[in-house]
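Novice: Counting in numbering that gives the first Met the number 0, the sequence shown runs from 0 upward without gaps. Every residue gets a Cβ at the ideal spot worked out from N, C-alpha and C, and that includes glycine. None of the values given here were measured: they were computed from a predicted structure.
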Amino acid sequence: MRDRADFLVGRGKRGKSLLAEAAAHWRFEIRECVADGSDTAAFGILAGCLPDGVHAAEMQLAGAVTMLSELTLEYPAAEDTREACLRVITRHPSELPPGAVLFPAECGDRVH
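1) Measuring straight from C-alpha to C-alpha, what distance separates LEU72 and LYS12?
2) What residue ranges within the region 6–81 form continuous beta strand (DSSP E) runs of no fewer than 3 residues, ordered along the chain?
3) Compute the Euclidean distance between the alpha carbons of PHE42 and ARG86, then round it to the nearest angstrom.
4) Does the beta-carbon of PHE27 have 16 or more other beta-carbons within 10 angstroms, so that it is buried, or is it exposed?
5) Could one say the Cβ of GLY11 lies closer than 8 Å to chain D's Cβ atoms, at least one of them?
6) Identify, in the order they occur along the chain, each residue of the same chain with its Cβ nearer than 8 Å to the Cβ of LEU60, setting aside the five sequence neighbours on each side.
7) Using three-state DSSP, classify PRO92 as helix, strand or coil.
8) Using the Cβ count rule (16 or more neighbours within 10 Å means buried), how would you classify PRO50?
9) Mind checking which residues open and close the beta strand (DSSP E) that includes PRO97?
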């Protein structure tokens, strides 16, 4: 939806409403991970806006879904890029493979 924002804005109130709803959602594609104490710093591409605080997430890869109970935004994306860093609490880098995609747990639970 974000890639078609201009089109949706042109559709009037309903299109703007869809964009506003999409703004509350995020997704993160893992590119690389490194251990940081008992946590993992996950580097990748963030679409949307991850709110401040600690969040639960779903990790999806090859049809499998794994729940991650705690993650937080370590470094937000710069204005000219979507590259960001998340801290995944008490997970080892081997549990977070490149190519996996993280989504808010609320979206998987359909709780909004």
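Specialist: In short, the structure shows the following:
1) 31 Å
2) 25–35, 38–47, 54–60 and 63–74
3) 9 Å
4) buried
5) The chain inventory of the structure shown lacks chain D, comprising one protein chain alone.
6) PRO96, GLY98, ALA99 and VAL100
7) helix
8) exposed
9) Neither: PRO97 is in no beta strand (DSSP E) and is coded neither H nor E.
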